[in-house]
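Single-structure report; data block below.
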Amino acid sequence: MVSGSIGSGKRLLILLTALVFAQAAWAFDYSDVVERARERAASAWSAPKPVPDFLRNLDYSEFQAIRFRPEASLWRDSASPFQVMLMSPGSYYGHAVRLNVVDGDRVSTVSFDKSVFDYPGPELAKRIPADLGYAGFKLTFPLHDKATANQFLVFGGASYFRGVGRDNRFGLSARGLAVDTGLPSGEEVPAFTDFWLEKPAAGSESMRVYALLDGPRVTGAYRFDIQPGAATEVRVKAELFFRDNIQQPGIAPLTSMFYYGENTPRPVGEWRPQVHDSDGLLLHDSHSGEWLWRPLLNPANLRLSYFSVTGLGGFGLLQRDTGFDRFEDAEARYDQRPSAWVRTEGDWGPGHVVLVEIPTRGETNDNIVAFWKPQGEVRSGDQRTFEYTLTFGNPAIAGEPLAYARNTFVGLGDRVGGGNVAGAIRLIVDFAGGPLEGLAADAPVVSQVTGLEDTEVIEHFVEYLPASDSWRLSILARPQGEKVLALRGFLSQDGRALTETWNYELPHGSDLRRETE
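Numbered per mature numbering (1 follows the signal peptide of the UniProt record, and there is no 0), the sequence shown spans residues -27 to -1, 1 to 490.
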């Protein structure tokens, strides 16, 4: 046996190795959140403690009068370009969440301090409990100049979060998970209950947030890798644990508003040309290669549309109308609302992109939901993992090779210029961009239109519009009786698709259909 002493260099190496392993053992990471979600799923759900009634009963203006003091933002005096603004419970924020900060190998809880808020009056301030907690948080980053901290991502309310790119105003929202949305049984709303925010290093342009989701039938561990900029990208990893069967799980759900647009009649008394946060659903089937665009509706009755996809590449709710003159709203600035695109990571298998359209009589209600539904039901004890990148920003989607549907106009087919056919509907679709750019005005572009579900296609043709450098598809179609008017169309040249597939439905009972009856 050979014996001897350990040299100083080797002792230092062993010591450093031990320190690395000690730090790794104590550091908080995604596996810790996964284990918490797994443990919760093994026990019965416990509803979160509601905030006091006097806060829940605040109306919109009263609640908005509670202001966070920016100087109290987390990491305000650090070298990190990111800061965290805290949100008060109350009104539609019915429960508090637990906030934690991960700084190296240390995890600390963000304790509630009501002095970080300005309250509208001393009486309200006196009633605030010392242990109230926070409803969520707003992330800031210098998007325009180094001296200004701009809000770009907000986590607050159930599992909702909203993001913007550099030139956007807040609009549509994302959620961690949707459960049975649109079904007669009613929607179940799981919520994020705990967050862990990793403190970014000095000069970092990205940060990470962990979240724990809990609901009556499901728990989940989430990791958000966040990068703000011209577009804000959020890479999401979700590990879901199901306590019970769920008929319609909604993965990567998006929630938006469509009151009326270019394709619908303007409600009586409304002076603005359009009012919406999003104007269409785009989806990409990576197996078939199809890109499909469905303009949104504000229907007379609840509508659920299921788009079968064998290999989901992505889907999103887009705001393609980005000109001020499309809305003429100097306050709401719907022209600056972001689009949201979900790009899948890995193979999600077969399933459906589900579009839920809910009737609304105003712009203050979110009435549009889109999400991915995997094939089949999930069962008690199931565990599912999903990864995707969510982008908030402009409506141009990286990787879409085809021309896009810029406009959809819909009118009666028995009017001058409509076709003078009783009971028919005239539909106009303007395509632009992609392979259409640079085509000669007399290029042999042809239209491909299919009527579905007892829809008669009377005529269709295409023409070039030099005034807008676009190609116009004109369709005259007629639904049979009370059937849905359902159409698909695209433009091609020499057998090659030039545009995405435009898909449209006009149900019986819509304002325009009633005019034909």
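Don't be surprised by glycine CBs; every beta carbon is placed ideally from N, CA and C.
State the Cα-Cα distance for the pair Val152 and Val342, rounded to the nearest angstrom. 12 Å
Report the option in Ala10, Gly406, Ala(-1) and Phe1 whose CA atom is closest to the CA atom of Arg357. Across the set Ala10, Gly406, Ala(-1) and Phe1, the C-alpha of Ala10 shows the shortest separation from the C-alpha of Arg357.
Considering only DSSP beta bridges, list what Thr423 is partnered with. Arg461
6 Å CB neighbourhood of Ser281 in its chain, flanking five on each side removed: If we look at Ser281 and ignore the five residues flanking it on each side, its Cβ neighbours are His325.
Quick check on residue 493: does DSSP put it in helix, strand or coil? The structure shown does not extend to residue 493, since the chain is modelled only from -27 through 490, so no value can be given for it.
Proximity to Gly223 [Cα-Cα], best of Arg306, Arg276, Val329 and Val402: Val329
Within the chosen definition, does the region 69 to 78 reach the region 167 to 177 through at least 3 CB pairs nearer than 8 Å? yes
Checking the sheet assignment: what are the DSSP bridge partners for Trp264? His257
Count Cβ pairs between the region 21 to 39 and the region 91 to 101 that sit closer than 8 Å; are there 3 or more? yes
State buried or exposed for Trp244, treating a residue as buried only when at least 16 other CB atoms are found within 10 Å of its CB. exposed
Taking the beta carbon of His257 as the centre, do at least 16 other beta carbons fall within 10 Å, making it buried, or is it exposed? buried
Near Ile420, what residues of its chain come up, given a Cβ to Cβ distance below 7 Å and the 5 sequence neighbours on each side ignored? Looking at the sequence provided, one finds Ser at residue 420 rather than Ile. Once the five neighbours on either side are set aside, the close Cβ partners of Ser420 are His433, Phe434, Val435, Leu446, Gly462 and Leu464.
Going by DSSP, what residue range makes up the alpha helix (DSSP H) through Leu97? Pro95 to Arg100
Can you tell me whether Gln348 is buried or exposed? The criterion is at least 16 other CB atoms within 10 Å of its CB, across all chains shown. exposed
Could you tell me whether the Cβ atoms of Thr474 and Glu206 are closer together than 8 Å? no
According to DSSP, which residues form a beta bridge with Leu227? Ala147 and Ala343, per the DSSP bridge assignment.
May I ask you to report which of helix, strand or coil DSSP gives Pro25? coil
Per DSSP, what kind of secondary structure is Lys87 in: helix, strand or coil? Looking at Lys87 - three-state DSSP - the assignment turns out to be helix.
Measuring CB to CB, does Thr113 end up less than 8 Å from Met58? yes
Could you tell me whether the region 373 to 380 touches the region 391 to 406, where touching means 3 or more Cβ pairs closer than 8 Å? yes
How long is the line joining the alpha carbons of Thr283 and Glu360, rounded to whole angstroms? For Thr283 and Glu360, the distance between alpha carbons rounds to 17 Å.
Assumed close pair Pro62, Ala108 - CB separation to whole angstroms, cut-off 8 Å: About 4 Å; that satisfies the 8 Å criterion.
If we call anything under 8 Å between Cβ atoms a contact, is Gly188 one with Leu213? no
Considering only their Cβ atoms, is the gap separating Gln453 from Asp427 smaller than 8 Å? Going by beta carbons, Asp427 and Gln453 fall inside the 8 Å limit.
Other residues of its chain near Asp76: CB distance less than 6 Å, five sequence neighbours each side excluded: Excluding the 5 residues flanking it on each side, Asp76 has same chain C-beta neighbours closer than 6 Å at Lys172, in chain order.
Rounded to whole angstroms, what's the CA-CA distance from Ala313 to Ala98? Just pull it up for me. 38 Å
From Lys456 to Arg310, what does the alpha carbon distance come to, in whole angstroms? 34 Å
Among Leu150, Arg42, Gln221 and Phe143, the one whose alpha carbon lies nearest that of Arg351: Checking the sequence shown, residue 351 turns out to be Val, not Arg. Measuring from the Cα of Val351, the nearest candidate turns out to be Gln221.
Taking the continuous beta strand (DSSP E) assigned at Ala405, which residues delimit it? Ile398 to Ala405
Distance, Cα to Cα, Leu485 vs Pro226? Cα-Cα distance, rounded: 30 Å.
Report all residues from its chain with a CB closer than 7 Å to the CB of Lys346; omit the five preceding and five following residues, and keep chain order. Result list for Lys346: Gln221, Pro222, Gly223, Gly324, His325 and Val327, in chain order.
Would you list the residues sitting across from Phe128 in a DSSP beta bridge? Looking at the DSSP assignment, Phe128 forms a beta bridge with Phe110 and Phe134.
Helix, strand or coil, according to DSSP, for Ser312 in the structure here? strand
Quick one: what's got a C-beta closer than 6 Å to Gly407's C-beta in the same chain, skipping five residues either side? Leu375 and Ala376
Leu126 burial status per 10 Å Cβ neighbour count (16 or more: buried): buried
Quick check on residue 491: buried or exposed, where buried means 16 or more other Cβ atoms within 10 Å of its Cβ? A query on residue 491 cannot be resolved here, the shown segment of the chain reaching from -27 to 490 and no further.
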